[in-house]
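Reminder that position 300 of the sequence shown reads as 417 in the working numbering, one-by-one numbering, no gaps.
Even glycine gets a Cβ: it sits at the ideal position worked out from N, Cα and C.
Treat the numbers as computed from the prediction; the structure is a model and nothing was measured.
As structure tokens, the structure follows; a few thoughts come after it.
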Amino acid sequence: MSGTSLDGLDLALCKISGSSTNTAFELLHFETVEYDNDFKQELQSIFCKEQVSLEKICLMNNYVAQIHSKIINATLLKWNIKNNDVDAIASHGQTIYHSPKYKHLQTKFDNATLQIGDGDIIAHNTQILTISDFRQKHIAANGSGAPLAIYGDYFLLSNETENRILLNIGGIANFTYLPSNKNFDDVFCSDVGPGNTLMDNYIQQNFKGLHFDLDGLIAEKGSTNENLLSALLQHNFFNHAFPKSTGQEVFNITFLNDALQLINQKSLDKYDVVATLNKFTAKCIANAIHQTIKGKEFAIYISGGGLHNKTLMKNLQELLPNNPIQSTEYLGINPNASL
């Protein structure tokens, strides 16, 4: 799995048995292999860009698969796992553009998303059966291509003793609601807005040498600017019905600058901006949960990089005071290995 942060490839080796609601799994190994700067720059040159040459996309489709193949082979060797002992690779690929209907606003076109990293190249280079490009199945079934965790969450983590929300805070934040009755018709999953992406991008541009807000310490030093927070929450994404999906095509530095211009405040203290973006992520999550999961008690289990942002966790708990918030580690799931 390579997400919108473009920081590396997440690899999980799982032992899976059973099927449907009797599915069981064991996480044998997990590792994130960081991309080198050259590869990151190549990805950034095409990621979320309105205009990119077709030749560059064609070349990168092959190149991403070649890089991923090398990482897979090297990591299996490190783990002392033979390639022919692995039944299959599930390769998400690399999202380069995500365009649901609410974004492109062109009535004759449906939801669309594009991932690169050719599965045939990975299969050939690793000699392992490779399943890839699976967001297109979601699109084909009238979905928007994201989020995809709903089926795995339902089969593996439903529990008859409590209603659960599995919240993943990566670049984008999304959650799955799992009712204790285990009725799949009552299961719900949606993106809710930005997770870490706005905070990370702003910090990279305004705090030299930093890539993210370690432990939320930068946000802790600032104060929420309520005018900016209100402007951020005015985006039309929040007016569209759930379930829905989004990405950095929507929530990016241009989006932030537009909000700053709207309130006529281009020179806010940078610590206050980070604090406000932190609260914005928390509000997006809490608002989505309040709007979709009404009149029910539930526990919240969190995965993804946002879990390590202590200020974000504090903001979330204040906005959801009646719901216990814990790491997915409590459920036996490595919070860094969850999609």
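> Sorted by chain position, which residues of the same chain lie with C-beta nearer than 6 Å to Ile188's C-beta, five sequence neighbours on each side aside?
Replying inline: Same-chain partners within the cutoff: Leu126, Val150.
> What are the boundary residues of the beta strand (DSSP E) that Ile450 is part of?
Replying inline: Element bounds for Ile450: n/a, residue is neither H nor E.
>> Which residue wins for smallest C-alpha separation from Asp235, given the options Ala141, Ala207, Phe292?
In response: Ala207
>> With distance defined between alpha-carbon atoms, name the residue in Ile238, Gly364, Pro217, Leu283 nearest to Ser444.
In response: Leu283
>> I'd like to know if the segment 395-406 and the segment 306-317 are in contact, where contact means that at least 3 CB-CB pairs between them fall below 8 Å.
In response: yes
>> Tell me the DSSP secondary structure of Gln161 in three-state form.
In response: helix
>> Suppose the cutoff is 8 Å on Cβ atoms and the five residues either side in sequence are ignored; what does the same chain contact list for Leu429 look like?
In response: So the list reads Ile286, Gly333, Ala336, Asn395, Thr398, Ala399, Gly423, once near-sequence residues are dropped.
> Can you tell which of Tyr219, Ala229, Met177, His221 has the C-alpha that lies nearest to the C-alpha of Gln211?
Replying inline: Met177
> Could you give the C-beta distance for Asn291 and Gly262, rounded to a whole number, given that I count them as a contact under 8 Å?
Replying inline: The Cβ separation is near 12 Å, so there is no contact.
> Quick one: Cα of Asn356 to Cα of Leu350, how far?
Replying inline: Our two residues, Asn356 and Leu350, have alpha carbons roughly 10 Å apart in a direct line.
>> Can you look up Gly125 in the DSSP assignment and give me helix, strand or coil?
In response: strand
> Which stretch, first to last residue, makes up the alpha helix (DSSP H) that contains Leu379?
Replying inline: 370-379
> Span of the alpha helix (DSSP H) holding Phe397?
Replying inline: 387-409 is the extent of the alpha helix (DSSP H) around Phe397.
>> Closest to Phe272 by C-alpha separation, out of Ser137, Thr409, Tyr447, Val203, would be which residue?
In response: Answer by Cα proximity: Ser137.
> How is Phe147 classed by DSSP in three states: helix, strand or coil?
Replying inline: strand
> In whole angstroms, what separates the C-alpha of Lys157 from that of Gly326?
Replying inline: 16 Å
>> On the criterion of 16 or more Cβ atoms from any shown chain inside 10 Å, does Ser420 qualify as buried, or is it exposed?
In response: buried
>> Distance check for Gly135 and Phe359, CA to CA, integer angstroms please.
In response: 32 Å
>> For Phe329 and Gln365, I'd like the C-alpha separation in whole angstroms.
In response: 16 Å
> Can you tell me where the beta strand (DSSP E) with Tyr418 in it begins and where it stops?
Replying inline: For Tyr418, the enclosing beta strand (DSSP E) stretches over residues 416-420.
>> Judging by CA-CA distance, which residue of Tyr319, Leu246, Asn342 is the nearest neighbour of Asp389?
In response: Asn342
> Do you know offhand how far Cys165's Cα is from Trp196's?
Replying inline: 34 Å
> Which term fits Phe415, buried or exposed, when burial requires 16 or more other beta carbons within 10 angstroms of its beta carbon?
Replying inline: buried
>> I'd like the list of long-range same chain contacts for Ile248, defined as Cβ closer than 8 Å, with 5 residues on each side in sequence excluded.
In response: Ala205, Ile206, Ala207, Ser208, Gly236
> What is the residue span of the beta strand (DSSP E) that His215 lies within?
Replying inline: 211-216 is the extent of the beta strand (DSSP E) around His215.
> Roughly how many whole angstroms lie between the Cα atoms of Thr224 and Ala257?
Replying inline: Their Cα atoms are separated by approximately 17 Å.
> By a C-beta neighbour count over all protein chains shown, 10 Å radius and 16 as the cutoff for buried, is Lys220 buried or exposed?
Replying inline: buried
>> Whole angstroms are fine: how far does the CA of Gln168 sit from the CA of Gln244?
In response: Pairing Gln244 with Gln168, the inter-Cα distance amounts to about 35 Å.
>> So Phe372 and Thr314 are supposed to be a Cβ contact under 8 Å. How far apart are they, rounded?
In response: Going by Cβ atoms, the distance from Phe372 to Thr314 rounds to 10 Å, so no, they are not a contact pair.
>> Report the CB separation of Ser275 from Lys299 in whole angstroms; it is logged as a contact under 8 Å.
In response: 5 Å
>> Relative to the C-alpha of Lys218, which candidate in Ser362, Glu446, Asn439, Leu346 has its C-alpha closest?
In response: Ser362
> What number of angstroms, rounded off, separates the C-alpha of Phe354 from the C-alpha of Thr121?
Replying inline: 18 Å
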